[in-house]
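Residue numbers (the numbering used here): 26 to 344. Structure first, then comments.
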């Protein structure tokens, strides 16, 4: 789902319109109208941030880059995977509600410790920190957090200080029982998903389907009628949707609708991730890239074999 489609859907769900959002956010009406009419595919970060907050979603959700809308539910689910103790959970909340910038030192690689409690707190703190940057600072981390470097500290400080009161309210409202009972780790609720050979998000590349790793997901989030696998994206031809190195979750299916992001095998043994379009008998694989060298790939399935492997339904990446 792209920016135009997401914004249109959000306005309908919130029972509002471009004019009301313009009045609320001070973003020019013509800017919002241009997006809704498909004349503008991108927007400035500060504009996206303002509109996203007005609609109560993350900037990535507004831009169509993620299905993550509710930070509270996301944090609860992710923390429940970590098997936290009461002590570590309390330390995590204190670090954010009292002095998050000071506690960024937790993430410093030089502070690595063999102490399991320290490692677990570091992991939990980093998880919540990334959610905060994404949801409220509304920008990706474009630098390594190095607490021994003054410039890095200052950048982190600007992004996180002060912690938004709304985000503090989210943390205070987390379901402690859900997180500490680790319902997520109940083996009956877990699906093991293989991570198969890397594919290219640039030109089609032979797909090596050897299993390289495994990911885990709650069965409640997946359709039991389908099989799933992860593929590791290598390249920049889809970097407007997901960056190089992302793991895309693929739902195995043999058909796609126009606009779906799919994994398609071309000419028997090559696979690529692209936006799928079909015009008559012609199949178009569209890159979503900031790199202009990537062009539309147009095929006639009567002349070359096109196999739809599956539909990309989500992705994970390190930021």
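Backbone N, C-alpha and C fix where the C-beta goes; we use that ideal spot for every residue, glycine too.
Member of the options whose CA lies at the smallest distance from the CA of residue i
i           : options            : result
residue 262 : 313, 116, 333      : 313
residue 217 : 193, 305, 247, 197 : 247
residue 284 : 269, 295, 301      : 301
residue 62  : 323, 151, 256, 43  : 43
residue 74  : 84, 67, 80, 311    : 84
residue 122 : 249, 196, 47, 152  : 196
residue 336 : 295, 89, 151, 286  : 286
residue 192 : 98, 146, 55        : 98
residue 205 : 260, 103, 56, 237  : 103
residue 31  : 49, 51, 76         : 76
residue 334 : 316, 305, 293, 146 : 293
residue 279 : 110, 57, 331       : 331
residue 111 : 146, 79, 80        : 146
Residue i to residue j span [Cα, whole Å]
i           : j           : result
residue 157 : residue 297 : 32 Å
residue 340 : residue 307 : 28 Å
residue 202 : residue 53  : 44 Å
residue 277 : residue 258 : 17 Å
residue 127 : residue 120 : Model confidence at residue 127 stands at a pLDDT of 45, short of 50, so the residue's coordinates are unreliable; what they give is reported in the following sentence. Between residue 127 and residue 120, the C-alpha separation is close to 8 Å.
residue 101 : residue 303 : 40 Å
residue 281 : residue 299 : 11 Å
residue 38  : residue 267 : 26 Å
residue 143 : residue 114 : 12 Å
residue 323 : residue 27  : 21 Å
residue 318 : residue 72  : 28 Å
residue 291 : residue 240 : 27 Å
residue 41  : residue 326 : 43 Å
residue 321 : residue 309 : 7 Å
residue 86  : residue 69  : 15 Å
residue 346 : residue 154 : In this structure the chain extends from 26 to 344, so residue 346 is not present and cannot be described.
residue 252 : residue 46  : 41 Å
residue 29  : residue 66  : 7 Å
residue 48  : residue 59  : 16 Å
residue 51  : residue 242 : 40 Å
residue 249 : residue 80  : 32 Å
residue 151 : residue 305 : 48 Å
residue 167 : residue 244 : Here the model assigns residue 167 a pLDDT of 46, short of 50, so the residue's position is not dependable, and the following value carries that caveat. Each residue's Cα considered, the two are about 33 Å apart.
residue 105 : residue 238 : 21 Å
residue 64  : residue 89  : 16 Å
residue 141 : residue 117 : 14 Å
residue 295 : residue 236 : 17 Å
residue 109 : residue 269 : 31 Å
residue 78  : residue 176 : 28 Å
residue 57  : residue 260 : 32 Å
residue 55  : residue 96  : 30 Å
Cβ-Cβ separation, residue j to residue i (assumed contact under 8 Å), whole Å
i           : j           : result
residue 199 : residue 149 : Not confirmed; about 12 Å, so no contact.
residue 329 : residue 274 : That pair is no contact at about 27 Å.
residue 34  : residue 82  : With 8 Å as the limit, residue 34 and residue 82 do not qualify as a contact, their Cβ atoms being about 11 Å apart.
residue 220 : residue 255 : 4 Å
residue 272 : residue 315 : Rounded, the Cβ-Cβ distance is 21 Å, inconsistent with contact.
Bounding residues of the alpha helix (DSSP H) (the contiguous stretch that carries residue i)
i           : result
residue 201 : 201-205
residue 38  : 28-38
residue 85  : 84-87
residue 157 : 141-157
residue 56  : 54-61
residue 49  : 43-50
residue 77  : 70-80
Cβ-heavy atom distance, residue i to the ligand MN, below 7 Å
i           : result
residue 282 : Annotation note on the ligand MN: not contained in the displayed structure, which lists no ligands.
Unbroken beta strand (DSSP E) run spanning residue i, endpoints
i           : result
residue 267 : Neither: residue 267 is in no beta strand (DSSP E) and is coded neither H nor E.
residue 259 : 253-259
Chain B contact for residue i (CB, 8 Å cutoff)
i          : result
residue 58 : Absent here is chain B; the protein component of the structure consists of one chain.
- Message: Quick check on the DSSP output: what are the complete beta strand (DSSP E) runs of length 3 or more inside the segment 262-333, in order along the chain?
- Response: 272-277, 286-291, 295-304, 307-311, 322-324
- Task: Counting only runs of 4+ residues fully inside the segment 93-122, write out the alpha helix (DSSP H) ranges in chain order.
- Result: 96-105, 111-122
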